[in-house]
Structure formats: structure tokens, C-alpha cells
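Here's the structure, in C-alpha cells; my notes come after.
Number of protein chains: 2
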Amino acid sequence: MRIVVDAMGSDHCPVPDVEGAVMAAREFSPQDRLILVGDQARIAQELSKYDTANLPIEIVHASQSVEMGDNPTQTARQKPDSSMLVGMRLVRDGYADAIVTAGNTGAALTLATLHTLQRIRGVRRPALTSLMRVENNQLVVMADLGANPDAQPEWMFQFGVMGSLYAQHVLGQTRPRVALLSNGEEEGKGNQVVRQSAALFANSGLNFIGNVEPKEVLKGAADVVVADGFVGNIMLKAMEAVGEAFFRVIRRELLSNPLRILGGFLISPVLRKIYKQVDPFEIGGAPLLGVNGVVIIGHGRSNAKGIKNAILQARRAVEGNLIEAIREGMARYISQHGAPTESAKPRRRYFARRRHKRIKA
Amino acid sequence: MRIVVDAMGSDHCPVPDVEGAVMAAREFSPQDRLILVGDQARIAQELSKYDTANLPIEIVHASQSVEMGDNPTQTARQKPDSSMLVGMRLVRDGYADAIVTAGNTGAALTLATLHTLQRIRGVRRPALTSLMRVENNQLVVMADLGANPDAQPEWMFQFGVMGSLYAQHVLGQTRPRVALLSNGEEEGKGNQVVRQSAALFANSGLNFIGNVEPKEVLKGAADVVVADGFVGNIMLKAMEAVGEAFFRVIRRELLSNPLRILGGFLISPVLRKIYKQVDPFEIGGAPLLGVNGVVIIGHGRSNAKGIKNAILQARRAVEGNLIEAIREGMARYISQHGAPTESAKPRRRYFARRRHKRIKA
Chain Z
495 MRIVVDAMGS
505 DHCPVPDVEG
515 AVMAAREFSP
525 QDRLILVGDQ
535 ARIAQELSKY
545 DTANLPIEIV
555 HASQSVEMGD
565 NPTQTARQKP
575 DSSMLVGMRL
585 VRDGYADAIV
595 TAGNTGAALT
605 LATLHTLQRI
615 RGVRRPALTS
625 LMRVENNQLV
635 VMADLGANPD
645 AQPEWMFQFG
655 VMGSLYAQHV
665 LGQTRPRVAL
675 LSNGEEEGKG
685 NQVVRQSAAL
695 FANSGLNFIG
705 NVEPKEVLKG
715 AADVVVADGF
725 VGNIMLKAME
735 AVGEAFFRVI
745 RRELLSNPLR
755 ILGGFLISPV
765 LRKIYKQVDP
775 FEIGGAPLLG
785 VNGVVIIGHG
795 RSNAKGIKNA
805 ILQARRAVEG
815 NLIEAIREGM
825 ARYISQHGAP
835 TESAKPRRRY
845 FARRRHKRIK
855 A
Chain W
495 MRIVVDAMGS
505 DHCPVPDVEG
515 AVMAAREFSP
525 QDRLILVGDQ
535 ARIAQELSKY
545 DTANLPIEIV
555 HASQSVEMGD
565 NPTQTARQKP
575 DSSMLVGMRL
585 VRDGYADAIV
595 TAGNTGAALT
605 LATLHTLQRI
615 RGVRRPALTS
625 LMRVENNQLV
635 VMADLGANPD
645 AQPEWMFQFG
655 VMGSLYAQHV
665 LGQTRPRVAL
675 LSNGEEEGKG
685 NQVVRQSAAL
695 FANSGLNFIG
705 NVEPKEVLKG
715 AADVVVADGF
725 VGNIMLKAME
735 AVGEAFFRVI
745 RRELLSNPLR
755 ILGGFLISPV
765 LRKIYKQVDP
775 FEIGGAPLLG
785 VNGVVIIGHG
795 RSNAKGIKNA
805 ILQARRAVEG
815 NLIEAIREGM
825 ARYISQHGAP
835 TESAKPRRRY
845 FARRRHKRIK
855 A
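Heads up: the sequence lines are chains Z and W, in that order.
Mapping the first sequence onto our numbering, position 123 (from 1) lands on 617, and the numbers just tick up by one.
Mapping the second sequence onto our numbering, position 273 (from 1) lands on 767, and the numbers just tick up by one.
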């Protein structure tokens with residue numbers, strides 16, 4: 495197995511990116527490969543800090559890197575040799591099985607969807623998918639997390655299909671429970687998109703359990719939670735915000751007098767346990783589902799642990815044959831529902847191809 | 495000042511409703527009145543538990559009560575003598591200045607908007623508005639919290655106008671900062687409704703500061719946060735869910751061994767302080783903005799403290815002349831933008847009036 499790591503992805507690149515890769519490589523078998531893509535000199539310098547003698551790590555040079563402020567739709571043209579794009583080409587051309595990047599999410603989405611891996615046949619919109627650890631240590635697949643702010647019901651349904659396949663093939667769940675995120679559990683609750691999507695889910699072969707509210711999500715009522723990109727993003731950010739605010743307040747208050755410092759010390763295992771649940775780097779990254787290759791997008795703020803966990807997540811996706819499963823799922827979908835009409839718009843495809851060629855040249 | 499309390503509102507009515515009214519009445523001056531509406535015998539029995547000799551409390555009998563499972567659009571017809579409807583008629587007819595209910599939110603919305611108080615002229619959709627206490631003890635007005643799941647940009651703009659007037663006239667803020675809840679702060683982020691609403695806000699006299707993410711909301715970056723009813727509801731519920739999950743986990747873990755029990759005891763003031771921030775009953779209820787009267791809707795699970803705080807919130811709204819302020823604000827709005835077209839649909843008004851009459855008779 496060969497996994498590409500965009501060494502120029504995170505906010506503090508290449509430090510955590512390289513360290514995370516080293517940590518992950520220690521858990522790899524000798525026939526596996528970790529390919530660090532980015533500025534050769536800087537990567538080599540970072541690598542020299544670690545004992546990498548027997549680790550299966552390679553470097554592929556890329557002279558440019560995508561910044562957080564770069565316009566996603568322009569990066570392919572403006573930075574044809576960015577580490578992200580070079581890394582994705584390695585996956586597209588079969589030199590690697592997966593890519594992990596903690597860089598600009600919009601750019602990763604655009605480069606993967608339009609310029610390198612392309613959508614899997616039948617997929618209307620790739621979905622950004624997050625894994626959340628909820629009570630009882632259960633992992634919940636959340637899609638979409640922001641790639642599609644104004645999702646249509648059919649896209650939402652496909653998010654559910656792909657999320658369900660992810661839960662089966664990567665998380666090992668046998669019959670994942672799929673639910674729609676809503677403001678109430680009763681049928682008929684939700685906004686228009688949710689209600690229309692529910693109708694599509696109801697007539698599908700998925701194990702659809704209806705609507706869930708955020709509190710049910712945290713209790714593990716569903717294995718796959720579907721939302722449009724805007725709503726999913728707001729929910730995730732709201733949850734993160736409360737977690738962060740809580741730890742900010744507790745840190746400030748616990749240090750305010752000696753008795754509290756002692757109390758804080760005594761309960762520190764509890765706080766660590768809770769922190770582990772809200773720590774986004776415990777899981778690593780968000781898989782981009784619906785493109786022809788495993789893409790895991792990490793938080794820009796990722797630390798080495800976050801990168802390492804994202805790499806291990808990519809490994810599980812490759813081991814679980816995720817892409818093949820989604821291809822088959824979508825082929826079944828097309829045979830039942832017909833090919834999606836939208837992706838066949840000639841103008842759009844023409845431009846996508848032209849851009850693609852120009853970059854390759 | 496006369497404030498109606500729907501004594502049959504909360505899940506455990508009339509116990510917390512009556513106790514909360516008694517607690518609030520102790521802070522009222524003798525010329526004020528608290529009017530408990532509901533089953534006379536049960537209210538009197540509850541009241542007999544307290545020393546109410548000198549408290550300005552009255553009872554108005556209502557033979558029916560709205561249940562949580564009742565269909566909001568049917569309650570007016572099916573329960574013409576419900577405590578909620580009777581209470582709202584008291585406000586409409588000038589016998590009271592405000593109503594507090596912890597009953598069915600949808601029913602309160604429908605009864606107020608279509609059957610009793612009616613919308614203030616110019617208001618497209620009344621908004622359910624929540625107050626959140628964020629860092630530095632600042633109060634933030636959030637609208638809409640669920641009354642309008644598929645809000646149009648013009649409604650969103652009006653939520654901002656009404657929320658801003660609430661912040662000025664009830665919370666005493668001089669120039670409230672109004673923001674749109676979004677998945678990113680940059681202009682152009684958000685879904686279609688958010689982007690279109692932003693254009694309306696930008697050209698208004700409001701102190702519009704752009705988009706805010708949930709974490710900025712918690713840091714107090716804005717005084718009024720506008721969202722459509724679905725998104726606002728999801729955010730609020732996500733925040734509540736994390737708060738609840740946190741206290742559930744910490745309670746379980748703290749009791750798991752003696753050292754942790756001691757630690758928990760030492761830091762209990764900290765936990766209480768944090769809990770107070772996430773406790774929905776600290777604030778009391780959500781004002782329904784845009785109807786001709788002060789309506790405060792409490793959580794169904796409200797305890798006595800929640801009811802009391804909702805009543806005090808109603809008092810502040812009456813003291814601040816909130817309704818008059820919104821009427822003036824909307825009159826200005828009409829003079830600038832013209833009367834809203836939608837509310838003039840003849841069919842709709844006809845039915846609304848007919849229903850209204852039938853109930854009165």
C-alpha cells in the first residue's frame with residue numbers, strides 16, 4: 495500500500511506533516527510506502543530529526559504549495575506544481591492508493607474533483623465526510639460537512655449511500671443506520687430539503703431510520719448522519735465551539751485558587767477522557783467521498799497526531815476497498831435511477847477536461 | 495403591569511408553572527398583577543402550598559389545555575377554551591400586557607399569529623428568538639430558532655431588525671451588532687439564503703457586521719445573530735447537546751472513585767458556574783417577535799426557576815416598550831420598502847379571520 499502525504503498541507507507545515515508521517519510509518523509493514531510530497535529540502539531537513547533508517551518513507555518533490563488563502567478554483571492554474579496537485583496526480587496515475595492533506599479544503603475538493611481523480615460515475619457531488627466519536631466510543635459518519643452548502647435532495651441521498659458504504663467498508667459496521675439531521679425526530683419535521691430527501695431515503699434499500707436531532711447524534715442513535723453542507727458544517731462547528739469554550743473556561747477557573755488546582759489535578763483523568771472525545775485530531779481527517787481515490791482532508795491546525803491518525807484512516811479505507819465499493823454502489827444506483835443528468839452538461843465537462851489537460855501539459 | 499402565565503404549559507404543569515409564578519410575584523410591586531390561566535381547582539391547590547397572602551396573583555379559569563402532541567394548526571378549533579388561547583385573548587383584549595407559556599411552541603406560534611395577537615403590520619413572519627448567555631456574561635439574541643425552517647432573505651432581514659430592536663429596548667444595548675450565522679466569516683461564505691440576506695443587511699441602517707461562525711457567537715462577537723429557523727434550531731440544539739453530554743459524562747466519571755469524588759467536590763463551584771451558562775432555565779424563554787403583544791415561550795421541561803425567569807423577561811419587554819418599538823421599526827421599514835405583498839393574499843386572510851371569529855363566538 496502506498497499513501498501520499500501532502501507535506502506542505504498544515505498551518506505549520508512541514509513540521510507536523512512530516513512528524514505525523516514518521517509516526518504512522520512506524521506502524522506500517524515494510525512493503526508499504528509513505529510518499530511525502532513537497533519541498534524536498536525542507537522535508538529532508540524535517541526527516542533528519544527522526545530515526546528513519548528502516549522506515550518506508552519516500553520523498554517526491556513539488557516546488558509549490560497551496561495556501562489557505564488561495565482561491566480553490568484558481569489553484570490548479572496558478573500552482574500547477576503544488577504538493578497537493580502533484581500528490582493527487584500520483585493517486586490518479588496509480589502510483590499511490592490514497593492521499594492525506596491538511597491543506598485548503600476547497601482546493602483539495604476542486605483539485606480532486608475537477609483536475610485529477612474526477613467523480614465516480616453516477617456521483618452528483620462528492621461529499622466531505624467527518625467521523626465523530628460519540629458516547630460508547632461509537633464512530634458516526636457525518637456527510638456533508640461543507641462541500642455542498644445548498645444540497646439538493648438527490649445529492650443528500652447519495653451522501654447517505656456513500657456514508658453507509660464507508661461505515662460498512664472502513665468502520666466494519668454490518669447494517670449502518672442512516673439518518674437525516676433535523677430539528678425534530680417526527681416525520682415531516684425539517685426544512686424542505688430534509689423532507690424531500692426523507693422521501694428518497696424511505697424508498698431505498700438503505701437502513702434509514704428517519705430524522706435525528708443533535709442530541710441523538712451524540713448518543714449514537716445513528717451510524718451515518720446526512721445533512722447539507724451548510725447545516726452539517728454549522729452543527730460540527732457549534733459542537734466544537736462549545737467544547738473549546740468549555741475547556742477555556744475550566745482551565746481559567748481551575749487555576750484561580752489552590753483548592754481548585756488540587757481538585758483539577760484529581761479529576762484530570764476525567765478531563766483528559768472528555769477532551770479526547772472532542773479533540774478533532776483523535777480521528778485525523780474527513781474523507782472526501784465520491785472521487786476515484788481515497789482522499790483524507792485533515793484540519794489545517796492538525797498536529798502530528800492528527801496527521802498520523804489521518805494516515806491510518808486512509809490505510810483503513812484502502813484496506814476496506816472503499817472506492818471499489820462506492821463504484822459498485824453507484825453502478826447499482828444508476829441501474830435503478832438512471833444516469834444523473836446534470837453531470838452530462840456538455841459545457842461543464844468540456845471546461846473541466848480542458849483545464850485538466852492544460853495542467854497535465 | 496399585568497402578565498399572564500399559562501399554568502397548564504410545562505411538561506409537569508401546573509407544578510413548576512405555579513411555583514415559578516409565585517417566585518416572580520414576590521419580586522413584583524403591589525400594583526402589578528400575575529394572572530394564572532388554567533384549571534382553577536388545580537391552580538388553587540398548587541397555590542395553597544405557598545404563602546400567597548400579599549402576592550398580586552389572580553386566577554382565570556380555562557377548561558382545556560394544549561398538549562405537546564397537539565397539532566398546532568388544529569388547537570384553536572379543537573380546544574377553544576385552552577389556557578394558552580384564553581391567556582392570549584387576555585393580552586389581545588388589553589387585560590394583560592404579556593403572556594408566558596411553556597407549552598407547545600408550534601401552538602403558541604399559531605394561536606398568537608393567526609388567532610389572537612396577529613402580526614404587527616409589515617412583519618412577514620414572526621420569529622422565535624432565544625437569548626444565549628455567552629462569554630463575559632453577554633446576552634446574545636438569536637433569531638430565528640425554529641418558527642421558519644425555510645426562511646426567505648426578506649424574512650431573515652426582518653429577524654435582524656426585530657432582534658436589534660429587542661437588544662436595544664429590552665437588553666439596553668445602544669447599537670447592537672447584527673450578524674448572520676454562517677459556515678465562514680468571509681463575505682460570500684454561506685448558503686444561498688445567507689448570501690442573499692447579507693446583501694439586504696448591507697444596505698440597511700442596521701449595525702451589520704457580516705457573517706459569524708458558532709465559535710464567534712460564543713465569544714460574543716455579535717449582539718444579534720440571524721439564521722433561518724432550521725439552521726438556528728440545529729445550532730442551538732447542537733450546543734445544548736454537547737453541554738448535556740459533557741455533564742452526563744463528568745457526573746458518571748466523577749462518581750467512579752473516591753479521589754475523583756473529592757476532586758469533583760473541590761471544583762464544584764467551577765462546574766456550577768459552567769452549568770449556569772448552559773442551563774436553559776437561567777434565561778427562561780424565547781420571545782416570539784413580530785406579533786402585537788409580548789409572548790415568551792419557555793422550554794416544555796421548564797422548572798420553577800425557568801418559569802420565573804421567563805416572567806421577569808416578559809416584564810423587561812413590557813417595561814422597554816418592545817411592541818411599540820417594533821411597530822415603529824416596521825412602519826419605517828414599510829415606508830422604505832413598501833408594504834409586504836405576501837400577507838395581502840386574500841384567501842389566506844379570509845380563512846384566518848373566519849377561524850378567529852368562530853373561536854370567539
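Each residue gets a CB set at the ideal place from its N, CA and C atoms; glycine is no exception.
Return no unless some Cβ of chain W is closer than 8 Å to the Cβ of residue i.
| i | result |
| --- | --- |
| S837 of chain Z | Because S837 of chain Z sits at a pLDDT of 44, beneath the cut-off of 50, its placement in the model cannot be relied upon, and the following sentence gives the value as read from the coordinates. False, the Cβ-Cβ gap to chain W never drops below 8 Å. |
| R754 of chain Z | yes |
| Q732 of chain Z | The displayed chain sequence assigns Ala, not Gln, to residue 732 of chain Z. Yes, its Cβ sits closer than 8 Å to a Cβ of chain W. |
| P708 of chain Z | yes |
| F653 of chain Z | no |
| F522 of chain Z | no |
| L674 of chain Z | no |
| V743 of chain Z | yes |
| L659 of chain Z | no |
| A764 of chain Z | It is Val, not Ala, that sits at residue 764 of chain Z in the sequence shown. True, the Cβ-Cβ gap to chain W drops below 8 Å. |
| G581 of chain Z | no |
| I777 of chain Z | no |
| L700 of chain Z | no |
| A735 of chain Z | yes |
| E629 of chain Z | yes |
| L712 of chain Z | yes |
| G794 of chain Z | no |
How would you list, in chain order, the residues of chain W whose beta-carbon sits under 8 Å from the beta-carbon of residue i?
| i | result |
| --- | --- |
| Q686 of chain Z | P643, D644 |
| E679 of chain Z | Near E679 of chain Z there are no residues of chain W at all, since even the closest Cβ is about 11 Å away, more than 8 Å. |
| E561 of chain Z | Correct list: empty, because the minimum Cβ distance to chain W is about 15 Å. |
Once the 5 residues before and after residue i are set aside, which same chain residues still bring their CB inside 8 Å of it?
| i | result |
| --- | --- |
| R754 of chain Z | E747, L748 |
| V687 of chain W | A645, Q646, P647, M650, D722 |
Excluding five sequence neighbours on each side, which residues of the same chain lie with their C-beta closer than 7 Å to the C-beta of residue i?
| i | result |
| --- | --- |
| L553 of chain Z | The sequence shown places Ile at residue 553 of chain Z, not Leu. Excluding residues within five positions, the ones whose Cβ falls inside 7 Å are L530, Q534, I537, A538. |
| F702 of chain Z | V672, F695, A696 |
| G814 of chain W | H663, V664 |
| R689 of chain W | G682 |
| Y769 of chain W | F741 |
| G600 of chain Z | P566 |
| I817 of chain W | N786, G787, V788 |
Does the CB of residue i have a neighbour CB from chain Z at under 8 Å?
| i | result |
| --- | --- |
| D500 of chain W | no |
| M636 of chain W | no |
| N727 of chain W | yes |
| I703 of chain W | no |
| F740 of chain W | yes |
| F695 of chain W | no |
| G881 of chain W | No statement about residue 881 of chain W is possible, as the shown extent of chain W runs from 495 to 855 and does not include it. |
Would you mind stating whether residue i and residue j have Cβ atoms separated by less than 8 Å?
| i | j | result |
| --- | --- | --- |
| G446 of chain W | N727 of chain W | The first residue shown for chain W is 495 and the last is 855, placing residue 446 of chain W beyond what the model contains. |
| S624 of chain Z | L783 of chain Z | no |
| G704 of chain Z | F724 of chain W | no |
| V718 of chain W | L675 of chain W | no |
| R620 of chain Z | L603 of chain Z | Rather than Arg, the amino acid found at residue 620 of chain Z in this sequence is Pro. Yes. Within cutoff. |
| I593 of chain W | V498 of chain W | yes |
| S504 of chain W | G794 of chain W | yes |
For residue i, I'd like the list of residues in its chain whose CB is within less than 6 Å of its CB, leaving aside the five on either flank, ordered along the chain.
| i | result |
| --- | --- |
| R583 of chain W | T610 |
| R810 of chain Z | V664 |
| H555 of chain W | Q534 |
| L579 of chain Z | L605 |
| I820 of chain W | I614, M656, L659 |
Kindly list, in the order they appear in chain Z, the residues whose Cβ is closer than 9 Å to that of residue i.
| i | result |
| --- | --- |
| A601 of chain W | By Cβ distance, chain Z contributes nothing, its closest Cβ being about 14 Å from A601 of chain W, past 9 Å. |
| E648 of chain W | Result: empty, since nearest Cβ-Cβ is about 17 Å, beyond 9 Å. |
| K767 of chain W | V743, E747 |
Listing by chain order, which chain Z residues have their CB less than 7 Å from the CB of residue i?
| i | result |
| --- | --- |
| A825 of chain W | Simply none; closest approach about 31 Å. |
Given the structure, does residue i come close to the ligand NAP, in the sense that its CB is under 7 Å from one of the ligand's heavy atoms?
| i | result |
| --- | --- |
| L622 of chain W | As presented, the structure is devoid of all ligands, the ligand NAP included, so that no description of it is given. |
Kindly list, in the order they appear in chain W, the residues whose Cβ is closer than 7 Å to that of residue i.
| i | result |
| --- | --- |
| I761 of chain Z | L748, R754, G757, G758, I761 |
Taking Cβ-Cβ distances shorter than 8 Å, what residues in chain Z pair up with residue i?
| i | result |
| --- | --- |
| G597 of chain W | Within 8 Å Cβ-Cβ: nothing; G597 of chain W doesn't reach chain Z, min ~16 Å. |
List the residues of chain W whose Cβ lies closer than 9 Å to the Cβ of residue i, in chain order.
| i | result |
| --- | --- |
| G640 of chain Z | N677, G678 |
For this session: Mind the definition here: the stretch 626-637 of chain W touches the stretch 786-796 of chain W only if three or more C-beta pairs lie below 8 Å; say whether that holds.
Result: no
For this session: Take every Cβ of the stretch 800-809 of chain W, pair it with every Cβ of the stretch 612-621 of chain W, and state whether three or more of those distances are shorter than 8 Å.
Result: no
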